[in-house]
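Chemist: Okay, so the sequence shown: first residue is 5 according to the numbering used here, each after it adds one.
No residue lacks a Cβ here, since even glycine has one placed at the ideal position from N, Cα and C.
Since we're looking at a predicted model, the values are computed, not measured.
One structure, pasted below without further comment.
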Amino acid sequence: MTVSSDNIKIKSIGQRRILYDAALIEHPDETLFCPDRTSSVEKTTAIGRGEARFYQYQGHDLVFKQYLRGGMVASLMGDRYFGINPDHARSFKEFHLLHQLQALKLPAPVPVAASAERTGLFFRAALITLEIPDAETLADKLMTTAMADASWQDVGRCIRQFHNHDVYHADLNARNILLSEGKVYLIDFDKCAFRYLGDSWKTSNLARLKRSFLKFKSQNKIFYFDESDWKQLLKGYSEV
Ligand SMILES: Nc1ncnc2c1ncn2[C@@H]1O[C@H](COP(=O)(O)OP(=O)(O)O)[C@@H](O)[C@H]1O
Ligand SMILES: [Mg+2]
C-alpha cells in the first residue's frame, strides 16, 4: 500500500472533527463512527482497557476504539476529554504517528480515521484502523500455547525494528503485541512518539514488557513464559 500525506483529509461532520485517509474511505459519513449503525453485523468485541469494536464499512474490515481514561476520572468523565483544539486530540496524534509508521513500513495498524467531538468543554475521541486479520494478542496466545524459540525471537526482532526507527512505545505489554498469520505487530500507539535522545527509553520499554509477562504469569494458572523465553526474545532483539 502506498502512503502519501496527500490522501489525509480533514473535515467536520456536525460537531465531529475528523481526519481520514481518502485513499481508503472516499466519503466518510457519520456511520463510520457508529459501529452499531453500520450495515453489516458487528463481529466481536475485544477486551482491553476500553473496548475495541470490529465491523465493516464500505468493504473494509475495521476496528474502532474509543479513548477512555483509567481510574476514577473515568467514572466522572467517561470517554470525554477536556481540551481546547480537536486537532490536538490524542486520536489525531495516534493517527498521524500510525501514518508515519506505515511510511516506515513498520508492522503497526493502518490508520483509517480519527475523530474528536466537542461537547461543551470536553472532547470525545476515537480512532479507526484496518483490522489485522485473524489476530491474537500475545497475552491470549500464551494462556493456551507455549511458543517456539523462533517465535520469541520474532517478537524481539519486531520490537527492535521500532526501536531502530526511534519509536517509543508508552505501553509495551503482552496485550499490545498481536500475532497474525505468522507475523508480529505492535498496536496501541496512544501517547507514543519518536524519541531521539539516548537509549535508556529502549531498555525501559523492554523492562516494562518483561514486567507485563511476569504479571500475566502471576495472575493466570497457565501462562507460558519463563526466563529462557525472555532470553530468546532478547536474542531476536539483538540480531536486527
Ligand atoms: N488493527 C487491529 N487489528 C486487530 N485487532 C486490533 C486492532 N487494534 C486493536 N485491536 C484489538 O483491540 C484491543 C484494544 O486495542 P488497543 O489499541 O490496544 O486499545 P486500548 O488497549 O487502549 O483499549 C487490542 O488488544 C486488540 O485485541
Ligand atoms: Mg491496548
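Tell me the start and end of each unbroken alpha helix (DSSP H) in the region 138-197 that is at least 4 residues and wholly inside, in chain order.
Modeler: Those alpha helix (DSSP H) runs which fall completely within the region 138-197 and span 4+ residues are 142-146 and 153-168.
Chemist: DSSP three-state call for Y24: helix, strand or coil?
Modeler: In the sequence shown, the residue the question calls residue 24 occupies position 20. The answer is strand: DSSP assigns Y24 an E or B state.
Chemist: Please classify E231 as buried or exposed, where buried requires at least 16 other C-beta atoms within 10 Å of its C-beta.
Modeler: Walking along the sequence shown from the start, residue 231 turns up at place 227. So E231 counts as exposed.
Chemist: If you draw a straight line from the alpha carbon of A178 to that of A211, how long is it in whole angstroms?
Modeler: For this step, residue 178 is matched to residue 174 along the sequence shown. For this step, residue 211 is matched to residue 207 along the sequence shown. So the two alpha carbons sit approximately 12 Å from each other.
Chemist: For the beta strand (DSSP E) containing L66, name the first residue and the last one.
Modeler: Residue mapping note: residue 66 aligns to position 62 of the sequence shown, counting from 1. Its beta strand (DSSP E) spans residues H64 to Q70.
Chemist: Does the distance between the C-beta of L72 and the nearest non-hydrogen atom of ligand 1 fall short of 8 Å?
Modeler: Position 68 of the sequence shown holds residue 72. Yes, the beta carbon of L72 sits closer than 8 Å to at least one heavy atom of ligand 1.
Chemist: May I ask which residues mark the beginning and end of the alpha helix (DSSP H) holding L110?
Modeler: Stepping through the sequence shown from its first residue, residue 110 is reached at position 106. Per DSSP, L110 belongs to no alpha helix (DSSP H) and is neither H nor E.
Chemist: When you measure from the CB of I191 to every non-hydrogen atom of ligand 2, does any distance come out below 8 Å?
Modeler: Numbered from its first residue, the sequence shown carries residue 191 at position 187. Yes - ligand 2 has a heavy atom lying nearer than 8 Å to the Cβ of I191.
Chemist: Kindly identify the DSSP beta-bridge partner or partners of S242.
Modeler: On the sequence shown, position 238 is the one that residue 242 refers to. None, per the DSSP bridge assignment.
Chemist: If you count every other CB in all the chains shown that lies within 10 Å of the CB of Q223, and 16 or more means buried, which is it?
Modeler: One-based indexing of the sequence shown puts residue 223 at position 219. Exposed, because fewer than 16 other Cβ atoms sit within 10 Å of the Cβ of Q223.
Chemist: CB H173 to CB F198, shorter than 9 Å?
Modeler: Counted from its first residue, the sequence shown places residue 173 at position 169. Counted from its first residue, the sequence shown places residue 198 at position 194. No, Cβ-Cβ distance for H173 and F198 is not below 9 Å.
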